[in-house]
Amino acid sequence: MTENTTAIAHDHDNRGPQLLGVNIAFGIVSVITVVLRIYTRVFTVKALGPDDWFMAVATVVWIAYCVSSSTGVYYGTGQHMYNLELENMEKALYYWWLCYLLYSVIVINIKASFAWFLLRIITNQVHKWIIYAATLFSVIPRIAFFFVALFQCQPVSYFWDRSQPGKCIPINIIVSLVYFDSVMTIITDFTFTILPAFIIWSLKMKTRVKALLVFLIAMGCIASAAVCVRLAYTHTLKNPDFLWATTDVAIWSTIEMGLAISAASLATLRPLLNQISWKLGFGSEQKSSPSRLYKLPSNHKTNGGSHLDRNVYILSEFSQGRSLTKKGSEDWELGTHTAAYAEPSKNLSTESTKEINFDNESQEYLHKGMSAI
Numbered sequence: 008m009t010e011n012t013t014a015i016a017h018d019h020d021n022r023g024p025q026l027l028g029v030n031i032a033f034g035i036v037s038v039i040t041v042v043l044r045i046y047t048r049v050f051t052v053k054a055l056g057p058d059d060w061f062m063a064v065a066t067v068v069w070i071a072y073c074v075s076s077s078t079g080v081y082y083g084t085g086q087h088m089y090n091l092e093l094e095n096m097e098k099a100l101y102y103w104w105l106c107y108l109l110y111s112v113i114v115i116n117i118k119a120s121f122a123w124f125l126l127r128i129i130t131n132q133v134h135k136w137i138i139y140a141a142t143l144f145s146v147i148p149r150i151a152f153f154f155v156a157l158f159q160c161q162p163v164s165y166f167w168d169r170s171q172p173g174k175c176i177p178i179n180i181i182v183s184l185v186y187f188d189s190v191m192t193i194i195t196d197f198t199f200t201i202l203p204a205f206i207i208w209s210l211k212m213k214t215r216v217k218a219l220l221v222f223l224i225a226m227g228c229i230a231s232a233a234v235c236v237r238l239a240y241t242h243t244l245k246n247p248d249f250l251w252a253t254t255d256v257a258i259w260s261t262i263e264m265g266l267a268i269s270a271a272s273l274a275t276l277r278p279l280l281n282q283i284s285w286k287l288g289f290g291s292e293q294k295s296s297p298s299r300l301y302k303l304p305s306n307h308k309t310n311g312g313s314h315l316d317r318n319v320y321i322l323s324e325f326s327q328g329r330s331l332t333k334k335g336s337e338d339w340e341l342g343t344h345t346a347a348y349a350e351p352s353k354n355l356s357t358e359s360t361k362e363i364n365f366d367n368e369s370q371e372y373l374h375k376g377m378s379a380i
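Going by the working numbering, the first residue of the sequence shown is number 8, and it counts up by one from there.
What follows is the structure, encoded as structure tokens:
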């Protein structure tokens, strides 16, 4: 009976397995979603953008974070420090400190990726400046925190090795920075959700399409929920039994980044899902295939300022369908990469091609003559 009680108490005092499980689960899921994202961008949409590169960098550093955090668990993260040998305690503290730095790099790249993603769908200059400002308000505190965490002790190794002479800045400064950074992250995430939601909802699209787009964008900000939960545990950074007391901070930091990477990547997978649905036969050419046709309003202008002829049909670059929808309807969607096709008419040459731009990210072509698909 005594042995069982001791075993239960030991399990309760070691929260390392909880952190390890979270690292493995969110690490695997997030990496899979990023791989699918890159596949979609390269092979389906054929448009690998800066937001994808930022997310790829974040994922590489994220893998290093999960490995470092899990290695820390091996040496004692999640356990009471008085139960650890000095050498193991120092190694666990070292990996905790390393995760400080890796976390900052990951968050900076995630924010940059999501901001760039939003800038691809926002055309109003004022709205773009709001995104720029929100990104700066999120990234600058995180850069400051990176350097504070890096040099919080002099020498740097004094953070985990207290056998040498040295000193650290007051822990209250670190805690205050964490609170400030968390609040800015929450504000930024809500900005990244609310602004695009209003923009999309004001477009003349079908309600179902608008709701889906808003949901996909909101997914990229779902990590704020984990930040809100982590705020309740931030005070544990002051606890002398650091490795055990801060386990919840470590767990919710992992959840935050795993959710941010996964959700932001899931928001880009619609073309791949449409393509899979089409190949499996779930839907008709007109509605369910990835060959979505895009209709522009009659007064739509290209970046060059010229009006498109009313006999223009819009077809996605990655389409596989065989029907065209004539432009002129007020309900329209604009894909990342689209092509505009015009009917032959007496005023149009059937062999000439004119290059036009609908946005800054993709090049579209106005074919004066029906194109074979």
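No residue lacks a Cβ here, since even glycine has one placed at the ideal position from N, Cα and C. Given the structure is predicted, the values throughout are model-derived calculations rather than measurements.
- CYS160 has CYS175 as its beta-bridge partners, per DSSP.
- Apart from sequence neighbours up to five positions away, the residues of its chain that approach PRO57 with a beta-carbon distance below 7 angstroms are TRP123, ordered along the chain.
- A contact is defined here as three or more CB-CB pairs under 8 angstroms, and the region 265-275 fails this definition with respect to the region 101-110.
- The straight-line gap separating the alpha-carbon atoms of THR195 and PHE144 is approximately 7 angstroms.
- In the three-state reduction of the DSSP assignment, GLU92 falls in the coil class.
- The C-beta distance from ASN131 to CYS73 rounds to 39 angstroms, too long to meet the 8 angstroms contact threshold.
- Contiguous alpha helix (DSSP H) elements confined to the region 181-265 occur at 214-226, 231-238 and 249-252, taking only those with 4 or more residues.
- For TYR72, the uninterrupted alpha helix (DSSP H) segment begins and ends at 57-82.
- In the structure shown, the three-state DSSP call for GLY85 is coil.
- Sequence-distant Cβ neighbours of LEU100 in its own chain, meaning closer than 6 angstroms and more than five residues away, are TRP167.
- Secondary structure at LEU276: coil, using DSSP grouped into helix, strand and coil.
- In the three-state scheme derived from DSSP, where H, G and I count as helix and E and B as strand, ASP168 is classed as coil.
- The region 178-185 and the region 202-221 do not touch, with fewer than 3 CB-CB distances between them shorter than 8 angstroms.
- Shown here, VAL52 sits in coil according to DSSP, grouped into three states, outside any helix or strand.
- The beta-carbon separation of GLN86 and LEU250, rounded to 6 angstroms, stays under the 8 angstroms limit for a contact.
- Nearest to ILE138 by alpha-carbon distance, out of PHE197, ILE180, PHE50 and ILE178, is PHE197.
- Remark: three or more beta-carbon pairs, one from each stretch, lie closer than 8 angstroms, so the region 47-65 and the region 111-121 are flagged as touching.
- Taking C-beta separations shorter than 6 angstroms and ignoring five residues to either side along the sequence, the partners of ALA230 in its chain run GLU263, LEU266 and ALA267, following chain order.
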